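Written out below as structure tokens is the structure these notes cover.
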Amino acid sequence: MATHETDNGKDIMPARRSAWRSLTGARRAVALIAALLALALLGLATASYAGYRYSQEYEGKMLPGTRVAGVSLAGMSRKQAVTAVKKAVAPKLRRSITVRWEGHSWPVTPQRLGATSNVKRVVHAALAASSKTSFIDKTRMRLLDRGFSFRRQVAVKYPHAGVRGFVTRLASHLDQEPADARIDYSSGWIDIVPGRDGREVRVAASRRRLYAALRAGRTKASLSVRTIKPDVTSKDFDQVLLVHIGANKLYLYENGTITHSWTVATGQPQYPTPQGRFEVTEKRYLPTWINPQPDTWGAPLPAEIPPGPGNPLGLRALNWSAPGIRFHGTSEIHSLGYNASHGCVRMSNADVVTLYGLVDVGTPIVSLQTAAFRPLYLSSTIDPTPVPDAAPATGHTSSGDAPAEAPAGSGKGD
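Dropping the structure here:
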């Protein structure tokens, strides 16, 4: 057995063992407790110091285990944490959403629509939670190497006002009134200008679609647009009658193309055929001429002239919307090609019968002077067609070849 010697070679261990054995049981217990207590105090002091150092290290900072929007904020200050989380959230605010309608598209981002996040609020809550952690909990985290458990997502708010404003601006750009088809006769000929559909953005429905795309994270949204049809379309001008005064020709356009033409007689310079846009208001088969003024200028004339060779209206008459003006037949075919009437448009009886069968009430009429007058009669000659002894009317109120017709339904003839 090994021995421990002093400088003089004597064994001192038995002396120490003898001293310990000399203690009573109680004293031994006290000594043991004192030793354990010393060790405990030493451990506590060490733990306290570790906790103190840990608290100092994270003073005003996020504790390890703090995560916002998936970003670890351990050791970050409030400012650093806000910057880091904003960077992580930025793609959500800057992602492009394409609003489409037919071939048009408009890119927009949530940020442009006024979307905001609660990054600052969540970071503040995280820092507050770190600051409120007790010293004991921090010490335990340090000694046991356990992180702080704070998990929070960032919410993005999509304001209705921004979505509404964006859709309203698109509507102001896209909305348009429908345009009716029309007749353009500025060239002296007929050109049918097609109508145009109108459109109206359904603002409420479009807002709902865009807002739903924002919240669902989609990249596309479509506008809801209503088509508005014009009241007048090209079909309303499937037939148009064109009168050339001076050239004394009548043309029938069908679907924009001349299909028939006739030589006619139009009004004398003193009794011009009115110019402008009119329409056929009545079709009269074998018209009877009724004397409208039997007590004055019509006194020498019969009360009426029935259909037949002597009737100044011929076999057919088609009234214009201009008072007292009509297409009608005549036996005075030598007057065709001249300005010979008192405002009406004369045609041969064969031609007026053809016209009567081709067009309907409502057919548009365009009347234009395209050449100099070719008067057939001098002012001193008597027009064979009975007319009133009154000053000639002009424009849309020009009298016809026969006395002006009474209101529709009265039975008065030309």
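All residue numbers for the sequence shown refer to numbering that gives the first Met the number 0, where the first residue is 0 and numbers rise by one.
The C-beta atom is built at its ideal place from N, Cα and C for all residues, glycine as well.
Values in this document were obtained by computation on a predicted structure and should not be read as measured data.
Compare the Cα-Cα distances from P374 to each of V242, V239, N247, K131 and report the closest residue.
N247
Among residues of its own chain, excluding the 5 on either side of S116, which ones have a beta-carbon nearer than 8 Å to its beta-carbon?
K85, V88, K91, L92, V153, A154, V155, K156
State the Cα-Cα distance for the pair I304 and D294, rounded to the nearest angstrom.
16 Å
Cross-strand partners of K219 (DSSP beta bridge):
T97
Along the chain, where does the beta strand (DSSP E) containing S171 start, and where does it finish?
Where S171 is concerned, there is no enclosing beta strand (DSSP E), although the alpha helix (DSSP H) it sits in stretches over 159-173.
Where E58 falls, given that 16 or more other Cβ within 10 Å makes a residue buried:
exposed
Could you give the C-beta distance for L241 and V351, rounded to a whole number, given that I count them as a contact under 8 Å?
Wrong, their Cβ atoms sit about 16 Å apart, outside the cutoff.
With C-beta atoms as the reference, is G194 less than 8 Å away from D183?
No, these two residues do not count as a Cβ contact at 8 Å.
Neighbour-count burial assignment, H243, 16 or more Cβ in a 10 Å radius:
buried
Do you know offhand how far R207's Cα is from P363's?
Rounded to whole angstroms, R207 to P363 spans 47 Å at the Cα level.
Which listed residue (V162, A170, G255) has its alpha carbon closest to that of H103
A170
To the nearest angstrom, report how far apart A349 and D196 are at their CA atoms.
42 Å
Whole-number beta carbon distance between V279 and G356, since they are thought to touch under 8 Å:
Not really, about 13 Å apart at Cβ, beyond 8 Å.
Comparing alpha-carbon positions, which option in W261, I96, Q238 lies nearest R214?
I96
Can you name the start and end residues of the beta strand (DSSP E) that A339 belongs to?
Looking at the DSSP string, the run of the beta strand (DSSP E) that includes A339 is 338-340.
Start-end ranges of the beta strand (DSSP E) lying completely within the segment 243-306, minimum 3 residues
248-253, 256-262, 275-284
In whole angstroms, give me the CA-to-CA distance for G74 and V121.
16 Å
Where N348 falls: helix, strand or coil (DSSP):
helix
Which residue spans inside the segment 81-129 form an unbroken beta strand (DSSP E) run of at least 3?
Entirely contained in the segment 81-129, the beta strand (DSSP E) runs reaching 3 residues are, in chain order, 96-100, 103-107.
According to DSSP, simplified to helix, strand and coil, what is S233?
helix
Please classify K438 as buried or exposed, where buried requires at least 16 neighbouring CB atoms within 10 angstroms.
Summary: the structure shown does not reach residue 438, with the chain confined to residues 0 through 413, and so no result is reported for it.
CB contact flag (N290, P301, <8 Å):
yes
DSSP has F149 in a bridge; who is on the other side?
T65
Taking three-plus beta-carbon pairs below 8 Å as touching, is the segment 311-320 in contact with the segment 281-290?
Touching, per the Cβ criterion.
Within its chain, find whatever has a CB closer than 6 Å to the CB of D190; leave out the 5 residues flanking it on each side and keep chain order.
The answer, listed in chain order, is D183.
According to the Cβ coordinates, are S330 and P308 closer than 8 Å?
yes
Straight-line gap, P322 to T258 (C-alpha atoms, nearest Å):
28 Å
Span of the beta strand (DSSP E) around W188
Element bounds for W188: n/a, residue is neither H nor E.
With R201 as the anchor, note down where its beta strand (DSSP E) starts and where it stops.
R201: not part of any beta strand (DSSP E); DSSP gives it neither H nor E.
Which first and last residues belong to the beta strand (DSSP E) in which N318 is found?
Per DSSP, N318 belongs to the beta strand (DSSP E) from 315-319.
In or out: T272 buried (at least 16 other Cβ within 10 Å) or exposed?
buried
L367: first and last residue of the uninterrupted beta strand (DSSP E) it sits in:
363-368
Taking Cβ to Cβ, would you say Y270 is nearer than 8 Å to G187?
no
Identify every residue that forms a DSSP beta bridge with K156.
T115
For V70, tell me which candidate among H123, T108, R151, K78 has the shortest Cα-Cα distance.
R151
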